[in-house]
Amino acid sequence: MSNQIDLFADDDFGAPLTKREQMAERITSLAVLFMGASSPLTLTQVMSALYSHLSQSAAEKAFKRDRDYLEQCGISITSVRDENLGDVYVLDENITFANASSLTHEDATIIQSVCTPYLEQPGFPYQEDLRMALAKISQAFNQDTKFVMSSTSDVSAATVQTSLMSSILHDCFAKRLACQISYCNAAGRPSTRKIAPFGLFSSRGMSYFVAAPMLSGGPNLKDIRIFREDRLKDIVPLSIRYEIPSNFSVKNYIRLPFQYGDTLVNAQLFVPNEAEQEALAEQLRGSYSNFNQQSHTITLSFNPNYVHEAARWVIAHGFRPKDPALLIEAYIDLLKGAAHHDK
Numbered sequence: 600m601s602n603q604i605d606l607f608a609d610d611d612f613g614a615p616l617t618k619r620e621q622m623a624e625r626i627t628s629l630a631v632l633f634m635g636a637s638s639p640l641t642l643t644q645v646m647s648a649l650y651s652h653l654s655q656s657a658a659e660k661a662f663k664r665d666r667d668y669l670e671q672c673g674i675s676i677t678s679v680r681d682e683n684l685g686d687v688y689v690l691d692e693n694i695t696f697a698n699a700s701s702l703t704h705e706d707a708t709i710i711q712s713v714c715t716p717y718l719e720q721p722g723f724p725y726q727e728d729l730r731m732a733l734a735k736i737s738q739a740f741n742q743d744t745k746f747v748m749s750s751t752s753d754v755s756a757a758t759v760q761t762s763l764m765s766s767i768l769h770d771c772f773a774k775r776l777a778c779q780i781s782y783c784n785a786a787g788r789p790s791t792r793k794i795a796p797f798g799l800f801s802s803r804g805m806s807y808f809v810a811a812p813m814l815s816g817g818p819n820l821k822d823i824r825i826f827r828e829d830r831l832k833d834i835v836p837l838s839i840r841y842e843i844p845s846n847f848s849v850k851n852y853i854r855l856p857f858q859y860g861d862t863l864v865n866a867q868l869f870v871p872n873e874a875e876q877e878a879l880a881e882q883l884r885g886s887y888s889n890f891n892q893q894s895h896t897i898t899l900s901f902n903p904n905y906v907h908e909a910a911r912w913v914i915a916h917g918f919r920p921k922d923p924a925l926l927i928e929a930y931i932d933l934l935k936g937a938a939h940h941d942k
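Heads up, the final residue of the sequence shown is numbered 942 in our numbering, and it's a clean run with no missing numbers.
Take a look at the structure:
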C-alpha cells in the first residue's frame, strides 16, 4: 500500500474540496516542492509527487498550467538541460527571490519608516524577527556611507536614524558583539566609547540599554552604566565578541525616570505616617533609594538635570523634600505654579 498523502482528500470537516481549492492546494504544493528541493527535479519526480492521479498527458498539461499560475505570482520554475538526467526543472532564484543589491537608500528609508512602528506594537508576533531584519538593512548601508534620509518622508530623519541605530544596537546585543558608539548625555556632553551591551529595557516610554566599557581584556565590570537609546549619535558594530556575566540582571538597573545619568545626588524625603505612602516607600528599597521606617525618611538619588521631574514625582506621591536645596526650590516653585493656576 502506498504511503503517499492524498492532497485531494476530504478536509477536516468531512466536506470534499472544490476544484478551485484542489487547484490552489496543488499549486501551493508545487511551489513548496521546488523551494525545498536541494537539486533539480526530473519530470518523473514531479509527476510522482503531485500528479500521479492523472494520466501522463493530463499531468504534463496540469504541470504546465500550474507553472504558468506560479509565474504570475513571481515564482518561476524553468526547464534546464542536464547531461545525465536530460530535461530537469529548477526554481529560477534570480526571478523568484528579491535581489539584495537592488535596495536603494530611498527604499531602505521607506522600509524603516513603515516597519519601525510595528516594533512597539503590542501583540505583533514578529517583533524580534523584524528588528533583526531592520538591523541588517541598516548595517548594510552604514558600512560605506552614512544613511541618507529622505526629506519627503512622513517620519522625520532624526526618528528614522534613531530607529536604525537602535536596531543595530539590538542586533549587537543579540549576537554579543561589542560596538563603538557616539553618545550625548543629559548635560549635552558628547563622547565616543567602545561598549559591550549587557541588557535592554523600557521605562515610561523611553528605551534604555545597560553596557560596560569594552577593554582589551573584555568588558569592565566595575563601570557598568545605563544609556538612553535616543541619545545615540552613531553606532558601529565591532568584530569583538563578549560574554555577559551569569550573575548580571538588567532588573537591577531599572530606576525611576529622573535617576538616569552619570551624575546623581542624594535627596532626603519625608514620608507621611500614612499606609499608602509607607507602602510605596517600602517598595522603593533598592540600589538608588532607601526607606528608614523609624525616621520616616527616604534617601533617594536623582539627576540634577531632572530636578523638576523629581519634584513632580515627589508631589504626586505625597512626599516632602528635606534636602537638598535644589529639590526643595523646584518643589516650592511647582506648588506655587499650581496654586497660581488654580486662581
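Even for Gly, the Cβ is constructed at its ideal location relative to N, Cα and C.
_Which listed residue (Phe869, Tyr688, Ala707, Glu873) has its alpha carbon closest to that of Arg666_ = The residue with the shortest Cα to Cα distance from Arg666 is Tyr688.
*So, helix, strand or coil for Val864, using DSSP?*
In the structure shown, the three-state DSSP call for Val864 is strand.
*Thr617 - DSSP class collapsed to helix/strand/coil*: Coil, per DSSP.
*Buried or exposed for Ala909, please, with buried defined as at least 16 other CB atoms from any protein chain shown within 10 angstroms of its CB.*
By the neighbour-count rule (16 or more Cβ atoms within 10 Å), Ala909 is buried.
*May I ask you to report which of helix, strand or coil DSSP gives Gly673?*
Gly673 falls in the coil class under three-state DSSP.
*What's the gap between the Cα of Ile626 and the Cα of Cys672?*
Taken atom to atom, the span from the alpha-carbon of Ile626 to that of Cys672 is near 11 Å.
*On a CA-only basis, which of Gln711, Glu670, Ser651, Asn683 is nearest Asn693? Give me that one, please.*
Closest option to Asn693, Cα to Cα, is Glu670.
*Apart from the five residues just before and just after Phe800, which ones in its own chain have a Cβ nearer than 7 Å to its Cβ?*
Only Tyr807, Val849, Ile853 meet the Cβ criterion.
*Would you kindly report the start and end of the unbroken beta strand (DSSP E) that includes Thr896?*
Start and end: 896-901.
*Identify, in the order they occur along the chain, each residue of the same chain with its Cβ nearer than 8 Å to the Cβ of Ser838, setting aside the five sequence neighbours on each side.*
For Ser838, same chain residues with a beta-carbon under 8 Å away, outside a window of 5 residues either side, are Leu776 in chain order.
*asked:* So, under 8 Å CB-CB, Lys921 and Thr898 are touching, yes? Tell me the CB distance rounded to an integer number of Å.
replied: Not a contact, Cβ separation roughly 10 Å.
*DSSP three-state call for Arg625: helix, strand or coil?*
In the structure shown, Arg625 falls within a helical segment according to DSSP collapsed to helix, strand and coil.
*Work out the CA separation of Met646 and Leu629 for me, nearest whole Å.*
Their backbone Cα atoms lie some 10 Å apart in a straight line.
*asked:* Using only the alpha-carbon positions, how far apart do Lys935 and Leu925 sit?
replied: As the crow flies, the alpha-carbon of Lys935 is around 16 Å from that of Leu925.
*With a Cβ-Cβ cutoff of 8 Å, do Asn902 and Thr862 count as a contact?*
With respect to Thr862, Asn902 sits close: the two C-beta atoms are nearer than 8 Å.
*Excluding five sequence neighbours on each side, which residues of the same chain lie with their C-beta closer than 8 Å to the C-beta of Leu831?*
Cβ contact annotation for Leu831 (same chain, cutoff 8 Å, sequence separation greater than five): Thr761, Met764, Ser765, Leu768, Ile780, Ser781, Tyr782, in chain order.
*Between Ile736 and Ala707, is the Cβ-Cβ spacing less than 8 Å?*
Yes.
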